[in-house]
Amino acid sequence: MATASHSPSSPQPFKVRPPSPIPIRQQSVPLPPLVLTAGGSAASQLILGSSSVARKHILEAMGLEFQVMTADIDEKSIRRENPDDLVMVLAEAKADAIISRLNIADYQKEGNQPTLLITSDIVVVHEGIIREKPTTKEEARQFLKGYSGGHVSTVGSVVVTNLTTGKRLGSLDKAEVYFHDIPDEVIENLIDEGVVFRVAGGLLLEHPLTLPFVEAVVGSSDSVMGLSKEIANKLFHDALSA
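Going by full-length UniProt numbering, the sequence shown runs without a break in its numbering and finishes at 242.
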């Protein structure tokens, strides 16, 4: 995708390249790690557009330093029937909301090191129905009981915007999680703990209460947690390329 050209006086809107889904089980040659920082260095800088603890841990596990900004958008006001479309438009909306609060001209000054912004979204799909974060105990209970002895799919998006050049790239990622039967007691403990209300579909993969009942994951665990390391690394490289 061609690099967008911007002038400080009239910045052009960022546009995303049509997403290129990475299918389940795809194998690829790993790219070398990047040196990204939270700022104040000669290396390229990175902003994580999310308050997700899981996404923070994933980027930290990649050895990256970053700043955190939150989009604070009304996700419920953005609706799409297709989960692929929904997660992509939400990731773009988050990026646009953050960019609207920045002085883009500062990032586009000649000689500045590139600054990348990464945003993402994820939904759970169970029996053809999109599931986002549960809002009530009964809804969370319904979600978790439905997963017991069955399986769910996750559909995630990753969008990386080069704030210096205007280049924006996006990709989709999918995974499947298969569960053994989950005891009612475990479900109630998860609900009482409250963490299920902070994740898409109430789906907790690596929680100590949930993990013993995960039968198999088709795809990567970091994808289920909200951010594929493989996709993020590829988009970082591509966004920094000419």
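The C-beta atom is built at its ideal place from N, Cα and C for all residues, glycine as well. Keep in mind that this is a model prediction, so the values were computed, not measured.
The continuous stretches of alpha helix (DSSP H) do not include Ser50, and DSSP gives it neither H nor E. The segment 223 to 236 makes no contact with the segment 183 to 195; the number of CB pairs closer than 8 Å stays below 3. Following the DSSP letters along the chain, one finds Asp121 inside the beta strand (DSSP E) bounded by residues 115 to 126.
Shown here, His180 sits in coil according to DSSP, grouped into three states, outside any helix or strand.
Val87 carries a helical assignment under DSSP once its states are collapsed to helix, strand and coil.
Remark: C-beta atoms of Thr115 and Gly49 do not approach each other more closely than 9 Å. From the listed residues Val152, Met62, Phe179, Asp96, the smallest Cα separation to Leu211 is found for Phe179. Excluding five sequence positions before and after Ile58, the CB atoms of its chain that fall closer than 7 Å to its own CB belong to Asp222, Met225, Leu227, Lys229, given in chain order. Each of Arg168, Gly219, Ala93, Gly149 was checked against the Cα of Thr70, and the nearest Cα belongs to Ala93. Taking the CA atoms as reference points, Val195 sits about 38 Å from Gln113.
Contact between Leu172 and Val160 does not hold, since the beta-carbon distance rounds to 13 Å and is not under 8 Å. The DSSP-derived three-state label of Arg79 is coil. Within the same chain, Cβ atoms closer than 8 Å to the Cβ of Lys133 are found at Phe197, Arg198, Val199, Ala200, Gly201, Gly202, the five residues on either side in sequence being excluded. Shown here for Ala91: same chain residues with a beta carbon closer than 8 Å to its own, the five before and five after excluded, namely Thr119, Ser120, Asp121, Ser157, Val158, Val159, Gly170 in chain order. Ile129 sits exposed, since fewer than 16 C-beta atoms from the chains shown fall within 10 Å of its C-beta. In this chain, Val196 is not harboured by any alpha helix (DSSP H), its DSSP state being neither H nor E.
It is roughly 32 Å from the alpha-carbon of Pro208 to the alpha-carbon of Leu235.
DSSP, reduced to helix, strand and coil, places Asn112 outside both helices and strands of the structure shown, so it counts as coil.
Straight-line spacing of the CA atoms in Leu117 and Lys56 works out to 13 Å.
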